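Okay, so here's the structure we're looking at.
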Amino acid sequence: EYDAKYGANLWKEDIEEYDRVCKVEPFGRLLSTLKTSCMINGRRRDHGNERAHIGVWEDGKSVKLQPLAYWEFRDCFDYLEARGVSAHPLHDQGYPSIGDAKDTVPVPKEKWFEYAGERSGRFQGLVNKDGSTKTECGIHVDGAEKTFDRDLWDAADSKVATVTPAGLSAALKDGESKLVVVYAPWCKFCQALEPAVAELAGSVSVVKCRGDEERALMEDVLGVKSFPSIYAVAADGKVSKYESEERGVTQLKAFYEASI
């Protein structure tokens, strides 16, 4: 499903989008869903320049507690030895730190305890859009917790109605025909759909339902597996799914009229 939607080479074609889709957005959604007030992580100052000045406590929209901030990699092994805890078996294969399998390589043991040496085998061959060497996936980058700027169809004069995931089943059986758009505000395909749906809402009844925070419920009610998912609901409750990737006003209106 991922390959069909984004392509197997997204990480080669657009590394920032790959990070957003595979790491930043899902992680941010997890923190939001769990109503996390503080995220505890294992970042340390000796990881490299980007982390050289981190503190044990970081305020911000995403509060972070980093109890190992002032430790060095050697301290981690001293801790394991002192308490009789086994190291990860991948250490024996030459990996001091693990990232994506596609771009993580073993590191000679003599380099493990150099500054930034622990993570030196990660992000191999990858560069940021500005040409700099890639050393972060994006989760800990400033502002990463902000995965979208605003909700979609949220203008004061918007004609697109809103239904919650919990109220969706009832909306499908209220005896009124409508076009239902299940979306995620961070999804670029949903964002691209916004103008067409806004225009269509001037002539047909359109309802939006945010589906990324209640995915299991969305799949149970409408079989939603990806975003956006668009459905025409007839007055008798019959539901038809829009399958085309062509999402212009003309195509959507024709689908709606044919379905109800």
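Mind the numbering: the sequence shown is residues 196 to 455 in the working numbering, read in order. Built from N, CA and C at the ideal position, the CB exists for glycine as well. Nothing here was measured: the structure is a model prediction, and the numbers come from that model.
- Item | Euclidean distance between Cα positions of D298 and K433 | 48 Å
- Exposure label - Y213; buried when at least 16 CB within 10 Å: buried
- Contact check, V251 vs P262, beta carbons under 8 Å: yes
- Inter-residue spacing [alpha-carbon to alpha-carbon] between M413 and K259: 32 Å
- Message: In the DSSP output, what is A203 paired with across the bridge?
- Response: Partner(s): none; A203 has no beta bridge.
- What are the residues that DSSP puts in a beta bridge with S435? A427
- In its own chain, which residues sit with a C-beta less than 8 Å from the C-beta of S232, not counting the 5 before and 5 after it? V258
- Task: Mind checking who W252 pairs with in its DSSP beta bridge?
- Result: L260
- Task: Go to C404, then tell me how far its beta strand (DSSP E) extends in each direction, as first and last residue.
- Result: V401 to R405
- Item | N- and C-terminal bounds of the alpha helix (DSSP H) containing V375 | Not the alpha helix (DSSP H): V375 falls in the beta strand (DSSP E), residues K373 to Y378.
- Could you check if G406 is buried or exposed, using at least 16 other CB atoms within 10 Å of its CB as the buried criterion? buried
- Answer yes if the segment 442–454 comes into contact with the segment 379–395, meaning at least three C-beta pairs across the two stretches below 8 Å, and no otherwise. yes
- Item | Burial state of L395 (16 or more Cβ within 10 Å) | buried
- Query: Within 10 angstroms of its Cβ, does S439 collect 16 or more other Cβ (buried), or is it exposed?
  - Reply: exposed
- Task: Leaving out five residues on either side along the sequence, give the residues of the same chain with a beta carbon under 8 Å from the beta carbon of G320.
- Result: D298
- Query: According to the Cβ coordinates, are L347 and Y378 closer than 8 Å?
  - Reply: yes
- Task: Return helix, strand or coil for V322, following the three-state DSSP convention.
- Result: strand
- What residue does the alpha helix (DSSP H) around Q446 start on, and which one ends it? V444 to S454
- Message: Within the continuous alpha helix (DSSP H) that includes Q386, where are the two ends?
- Response: K383 to L395
- Task: Can you tell me which of the three DSSP states T328 falls into?
- Result: strand
- In its own chain, which residues sit with a C-beta less than 6 Å from the C-beta of G294, not counting the 5 before and 5 after it? R317
- V416 lies in the alpha helix (DSSP H); which residues open and close that run? R410 to L417
- Message: Run through the DSSP bridge pairs and tell me what A356 is partnered with.
- Response: V402
- Query: Is L367 buried or exposed, if buried means 16 or more other CB atoms sit within 10 Å of its CB?
  - Reply: buried
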